[in-house]
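Take a look at the structure below.
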Amino acid sequence: MTYRAPAAEIRFILDHVVPLAPVAATDRFADATPETVESVLTEAARLCNEVLAPMNRNGDTHPARLENGVVRASAGFDAGYRAIADGGWVAVSAPQDFGGMGLPQTLCVALNDMISGACLALGLNPLLTQGQIEALEHHADAAMKALYLPKLISGEWSGTMNLTEPQAGSDVGALRTRAEPKADGTYAITGQKIFISWGDSDLTANICHLVLARLPDGAPGTRGISLFMVPKYIPDESGNPGLPNSLKVVSLEHKMGLHGSPTCVMAFEGATGWMVGAPHKGMAAMFTMMNNARLAVGMQGIGVAEAAFQKALAYAQDRNQMGPIVQHPDVRRMLATMKAEVFAARAIAIACAVALDMAGATGDPVWSARAALLTPIAKAYGTDVGIRVADTGIQVHGGMGFVEETGAAQFLRDVRVTSIYEGTNGIQAMDLVGRKMMDEGDAAFRLLEEIQDHAEAARDRLPDLAGQVWAAAETLREATEMLLTQGTEDRFAGAVPYLGAFARVLGAHFHLRAAMAGGTAREALARVYLSRILPAHAPLLEEARVGASDLFALSVEDLAS
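Residue -12 is where the sequence shown starts when you use our numbering, and the numbers rise one by one after that.
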């Protein structure tokens, strides 16, 4: 494993590209001093380099398994998980009142970047727990918080989310899981859920499932859904795991990748659950966890992209074909564009995290709107970059990339699902052009204005790069104005290319900021991005303008003929 956690790169972004300083200047995050940030990044990198990265391959070759109703984690994952939990890494952004560090979400995002690059399969476990912690913090009652949050934050217990059912994938409102009220104030949860990451394991003393279900009087669709806490073991009077709950793992999914992460089919058979939040408001509560997870999944793509790039670079330096292949122009092209895209995606995701922190610390709706706008872009672009870079990494390896023993293929197999779960990238794009444009594009136009203002300020030092960024932002602004005149069907037909164009303009903006702050290497990388990746924004926006009419001119029968 050649992976080295990119702590210095993240620190550069936080210092010069997407500054963390305004977050640390708030009362809420005053503890995020430069010394604290440096310590967190350094120690997290050490954890990833020395403990987690060496077990990544074993998780792939020795998958989690189901034995007598219990999921057994891959060998070595227990030690890796304990290092995460005992080091307090589950608790980075968790509330201090329950044992968390209370640091900015941005640092948690940086941590998940590094853990995902080191061992994505294991990293999924604490990542889901972090999302559950946030959901409970915002929506659970005081008693539930007091019972569950300390144990989740310490890593003694882990958390999952249970949304998907065989007949209800992205259409969550079609779920059939039932919640029957009981005399003692609890609920009997009955139904089946699929694709539950880390739905069971032997790493923690208890597993806490957040489950979407419908009360008897729940309306059809998403408006009638409630959220319930359904633990594997029912806590006793002392808050310790007691009697087993009426739930079980039916099977483990046989997946393309992420073999070390058990993906479970879960059956709830009158299991005891406690409501989280208000009746019929489950989607609002779950979306707190899902939005946390969407940014985190974007970081998964970026983390794996970083690892795939590092492996490809090391191979290109060692592999001789008429000299080291790193000297060949096409190999250099692949490596340079890989590095440029990873930087852009990482900066976009960190910008989203900073906006979330500023919104939480100040209550300013402008920051909230910025975070909402960036979330689907960070998720979709981060995971698309993860897939592209991992695929290119195989190409750099040539024939050896297609041979499993090199490990290059694992990155692509592992990261491929990230564009699918937590809302497919198509759903992210439709969210961007739909819900996130309900403000008549105000948040988007504010961001584009900032990009153009910075480009104007950069003209004296880097006139050619600044001009390209300004022009691309102007093209995107015009396309956004056009988008706002389209009907829903036409918007959705062009949503994916529009998001791709937006991401490339953002990436160019952050590369320009890096070039202004860094030396010749930063400028050279920015030139790679602006000359080879940014130009794709124009044809993508042309596609976004086309609408849906040509797609539906082809009937289903035409497609099948």
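Note that the Cβ used here is the ideal one computed from N, Cα and C, for glycine as well.
Under 9 Å between the Cβ atoms of residue i and residue j?
| i | j | result |
| --- | --- | --- |
| ALA336 | GLY413 | no |
| PRO113 | SER184 | no |
| ALA504 | VAL24 | no |
| GLY46 | GLY290 | no |
| LEU360 | LEU300 | no |
| THR467 | MET417 | no |
| LEU214 | ALA175 | no |
| ALA105 | ASN36 | yes |
| VAL420 | TYR485 | yes |
| GLY288 | ALA332 | yes |
| ALA60 | SER188 | yes |
| MET277 | MET148 | yes |
| ILE181 | GLU256 | no |
| VAL96 | MET286 | yes |
| ILE102 | ALA(-6) | no |
| GLY260 | VAL198 | yes |
| HIS498 | ALA442 | no |
| ALA396 | GLY386 | no |
| PRO9 | VAL341 | yes |
| PHE296 | VAL252 | no |
| ALA280 | GLY118 | yes |
| ALA430 | ALA356 | yes |
| ALA348 | PHE16 | yes |
| ALA334 | ARG210 | no |
| THR177 | THR164 | yes |
| VAL284 | GLU409 | yes |
| ILE120 | GLY87 | yes |
Quickly, what does DSSP pair residue i with across the bridge? List them, please.
| i | result |
| --- | --- |
| ALA62 | According to DSSP, which records beta bridges pairwise, ALA62 is partnered with nothing at all. |
| ASN307 | PRO311 |
| THR250 | SER184 |
| ASN193 | TRP144 |
| PRO6 | None, per the DSSP bridge assignment. |
| LYS235 | ALA254 |
My output table needs one value for residue i: the three-state DSSP class, helix, strand or coil.
| i | result |
| --- | --- |
| TRP144 | strand |
| GLU240 | coil |
| TRP457 | helix |
| ILE520 | coil |
| TYR408 | coil |
| PHE255 | strand |
| THR151 | coil |
| GLU54 | strand |
| GLY487 | helix |
| ALA508 | helix |
| TYR(-2) | Per the sequence shown, the amino acid found at residue -2 is Arg instead of Tyr. Helix at ARG(-2). |
| GLN198 | The sequence given here places Val at residue 198; Gln does not occur at that position. Strand, per DSSP. |
| MET262 | strand |
| PRO222 | strand |
| LYS423 | helix |
| LEU527 | helix |
| LYS138 | helix |
| THR462 | helix |
Assign residue i to one of two classes, buried (16 or more other C-beta atoms within 10 Å of its C-beta) or exposed (fewer than that).
| i | result |
| --- | --- |
| VAL318 | buried |
| LEU463 | buried |
| PRO91 | buried |
| VAL57 | exposed |
| PRO526 | exposed |
| HIS125 | exposed |
| ASN227 | exposed |
| SER518 | exposed |
| GLY487 | buried |
| PRO316 | exposed |
| VAL376 | buried |
Starting from residue i and walking both ways along the beta strand (DSSP E), at which residues does that stretch end?
| i | result |
| --- | --- |
| ALA630 | The chain is shown from -12 up to 548; residue 630 falls before or after that span and cannot be answered. |
| TYR174 | 174 to 184 |
| VAL159 | Counting along the chain, VAL159 falls outside any beta strand (DSSP E), and DSSP gives it neither H nor E. |
| ARG446 | Taken as a continuous stretch (DSSP letters only), ARG446 belongs to no beta strand (DSSP E), as it is neither H nor E. |
With residue i as the anchor, note down where its alpha helix (DSSP H) starts and where it stops.
| i | result |
| --- | --- |
| PHE215 | Not the alpha helix (DSSP H): PHE215 falls in the beta strand (DSSP E), residues 212 to 218. |
| GLY75 | Careful: GLY75 lies outside any alpha helix (DSSP H) and carries neither H nor E. |
| VAL96 | 92 to 126 |
| HIS49 | Where HIS49 is concerned, there is no enclosing alpha helix (DSSP H), given that its DSSP letter is neither H nor E. |
| GLY369 | 352 to 384 |
| GLY229 | Unbroken run through GLY229 is the beta strand (DSSP E), 228 to 231; no alpha helix (DSSP H). |
| MET325 | 316 to 349 |
| THR475 | 475 to 480 |
| GLU544 | 543 to 547 |
| SER80 | No alpha helix (DSSP H) contains SER80, which DSSP labels as neither H nor E. |
| PRO21 | 21 to 34 |
| VAL402 | 395 to 402 |
Any beta-carbon of chain D closer than 9 Å to the one on residue i?
| i | result |
| --- | --- |
| LEU109 | Of the protein chains in the structure, only one exists, and it is not chain D. |
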